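Chains as they are written, first to last, in our numbering: chain A, 135 to 282; chain B, 135 to 282; chain C, 135 to 282; chain D, 135 to 282.
Below: one structure, written as structure tokens.
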């Protein structure tokens, strides 16, 4: 596949997935960038994501990272799911913080893949580091109706 | 500490944390059981937790497991945070499914601890297995106002 | 399969694997117990396993745990390999220490499985906690020559 | 610290650690490169590292990766240990294969750090991906006798 075609495929896959991803939408995420094996997502920490001390619940740090991982591993045209993930919490995020998660493919082998995701504050400080394990189901992401 | 006192301390810590945990409340979680080093949480998969195929976003499986982990590791009176976690997704959950996450302490050493959490369907089938790494901050969870 | 047959199958699989496992033998491991989904292995920390301070290199703690994991997940008659693992080092082991690794199956699903392994000192203190991810290749472990 | 001084410190730390690391030496490892937060180690798969099928035991893939991780995280002058690690096995290695493990620091925060290690065949194919979690003990690696 020509590089331009690979980028276009990645974008069309992302658009199709995003349209159906109520969860990421409901969390106020924005898909900022997608390319083959890569995706960047932004999210602001809301008041329903924090505990009593105003600190973001770890699950929402996982949520933004997991979504970036999901978009990155679904850029090749075949439906791919998360088999598992490992996350390390580096520093906390607080109410109102703007977070950015950047996912990059590390390696693919057979139907499996590894993706590294870094969640950062807008100023670059690392909030969390996630490594996701993907498994490709093999069925197509796009249908005849997902654009021409 | 006498066993009864340890159970009472666990309950008071959980009550104090739950009161401030807007995130777990907003996700519709119910804290069903707490004991020293253990906690059980229930949650129903809502329509804002699923993707276009009606399958629960992995981050919400992590959310229920992470909350059970958090309550389990905060039963000894000292504020304890998640340092990281590893999760394996075993089967999917769908819109309307009732999930139960049961966290058990595996080992504590120094300020660190490991907690195993199993997320199950109500019929017992395993949905996800999480292992959480905790770190104790050392400051008290309860204040003079958290009950007598 | 009757329980007795499952235990007998586990033992025959272990015997066949052990015969070819030069690595575990060369590390001085002893297979102490095997049952369906379970295995226990013992090993003494030798002087070629330690660093200059007499502390066992983490890789040998992984080695005993990984071997226990391998024997535990190969008890059902089909060749099964490690897809990955996560380990937490709890305390150190030193030259001459006798270690015991006990592996237990946590869950199997499709061709995948999770196994928890605890490495302990002989007095019960935890040295390391490992969680292994297995993948079943499907081909038989035993051949016509592996006993009657 | 000037960049040259940081590189010199890294080399002196590595030399001091290597001198005492009987385990890495006994496994036939060679420390090929070290720099602040980075290390590269080579190792050939020997006949006491394989099982009956000539496939390298996973623990030795962890061993080379763990050693690269250890040298990379001990380049700043303070003794640092492995708190845990996660590894994914990508492809197998066989008797006689030459392996190279390259460790790079991902992030440091407080006394903790994350290091990514890729183990490759000499032709570049990935064998395993490891992420190590380090903890700095704070005591100096070098003593007055470790060079001038």
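Heads up, the beta-carbon is just placed ideally off N, CA and C, and yes, glycines get one too.
The structure displayed is predicted, hence computed values, not measured ones.
* Looking only at its own chain, which residues have a Cβ that is under 8 Å from the Cβ of residue 195/C, when we skip the five neighbours before and after it? -> 221, 223, 227, 233, 253, 261, 262, listed in sequence order.
* Asked: Along chain B, which residues have their Cβ under 9 Å away from the Cβ of residue 220/D?
  -> Those are 220, listed as they occur along chain B.
* Option nearest residue 190/C by Cα separation, candidates 136/D, 201/D, 189/D, 248/D -> Per the C-alpha coordinates, the member of 136/D, 201/D, 189/D, 248/D positioned closest to residue 190/C is 201/D.
* To do: Could you pull out every unbroken beta strand (DSSP E) segment of at least 3 residues lying fully inside the stretch 216 to 277 of chain C, listed in chain order?
  => Segments of the beta strand (DSSP E) lying fully in the stretch 216 to 277 of chain C: 232 to 243, 246 to 255, 260 to 274.
* Take residue 184/C as the anchor and find which of 155/D, 137/D, 225/D has the nearest alpha-carbon. => For the options 155/D, 137/D, 225/D, the alpha carbon positioned closest to that of residue 184/C is the one of 155/D.
* Where DSSP assigns a beta bridge to residue 172/C, which residues make up the other side? -> Residue 172/C has 169/C, 238/C as its beta-bridge partners, per DSSP.
* Using 8 Å as the Cβ pair cut-off and three pairs as the minimum, do the stretch 209 to 217 of chain C and the stretch 143 to 153 of chain C touch? -> Put simply, the stretch 209 to 217 of chain C touches the stretch 143 to 153 of chain C. At least three CB pairs are less than 8 Å apart.
* Please determine if the stretch 157 to 169 of chain B and the stretch 159 to 176 of chain A are in contact, where contact requires at least 3 C-beta pairs separated by less than 8 Å. => Contact between the stretch 157 to 169 of chain B and the stretch 159 to 176 of chain A is absent, with fewer than three C-beta pairs closer than 8 Å.
* Can you find a C-beta in chain A that's less than 7 Å from the C-beta of residue 247/B? -> Under the 7 Å criterion on CB atoms, residue 247/B is classed as non-interfacial with respect to chain A.
* Comparing alpha-carbon positions, which option in 241/B, 192/B, 169/B lies nearest residue 138/B? -> When C-alpha distances from residue 138/B are compared across 241/B, 192/B, 169/B, the shortest belongs to 169/B.
* To do: Pick helix, strand or coil for residue 146/C, following the three-state DSSP scheme.
  => Residue 146/C: helix per DSSP, three-state reduction.
* At what residues does the alpha helix (DSSP H) containing residue 190/D begin and finish? -> Looking at the DSSP string, residue 190/D is not in any alpha helix (DSSP H), and its letter there is neither H nor E.
* Counting contacts by CB-CB distance shorter than 7 Å, is residue 243/A in contact with chain D? -> Yes, contact with chain D.
* Asked: Just to confirm, does residue 180/D get its C-beta within under 6 Å of one of the non-hydrogen atoms of the ligand ZN?
  -> For the ligand ZN, the structure offers nothing, since it holds no ligand at all.
* For residue 277/A, is the classification buried or exposed, using 16 other Cβ atoms within 10 angstroms of its Cβ as the cut-off for buried? -> Looking at its Cβ environment, which holds fewer than 16 other Cβ atoms inside 10 Å, residue 277/A is exposed.
* Please list the partners that residue 196/A has in chain B, where partner means a Cβ-to-Cβ separation under 9 Å. => Within chain B, the residues near residue 196/A are 192, 193, 196, 197, 200, 219, 221.
* Cutoff 7 Å: residue 177/C Cβ touching any chain D Cβ -> The Cβ of residue 177/C sits no closer than 7 Å to any Cβ of chain D.
* Please confirm if residue 208/A has its CB atom under 7 Å from at least one CB of chain B. => No Cβ of chain B is located within less than 7 Å of the beta carbon of residue 208/A.
* Give the DSSP-derived three-state secondary structure of residue 141/A in the structure shown. => Helix.
* Residue-level contact to chain B via CB, residue 215/C, 7 Å cutoff -> Any Cβ of chain B closer than 7 Å to the Cβ of residue 215/C would place that residue at the interface, and such an atom is absent.
* **Endpoints, the alpha helix (DSSP H) within which residue 160/C is located** => 156 to 160 is the span of the alpha helix (DSSP H), which, as asked, contains residue 160/C.
* Chain-order list of residues whose beta-carbon lies under 7 Å from that of residue 147/B (same chain, five-residue window excluded) -> Once the five neighbours on either side are set aside, the close Cβ partners of residue 147/B are 208, 209, 211, 275, 276.
* What is the rounded straight-line gap between the Cα of residue 237/A and the Cα of residue 203/C? -> Linking residue 237/A to residue 203/C through their CA atoms gives a straight-line distance of about 31 Å.
* To do: At 7 Å on the CB atoms, spell out the chain A contacts of residue 184/B, in chain order.
  => Ordered by position in chain A, the residues that pass the 7 Å Cβ test against residue 184/B are 156, 157.
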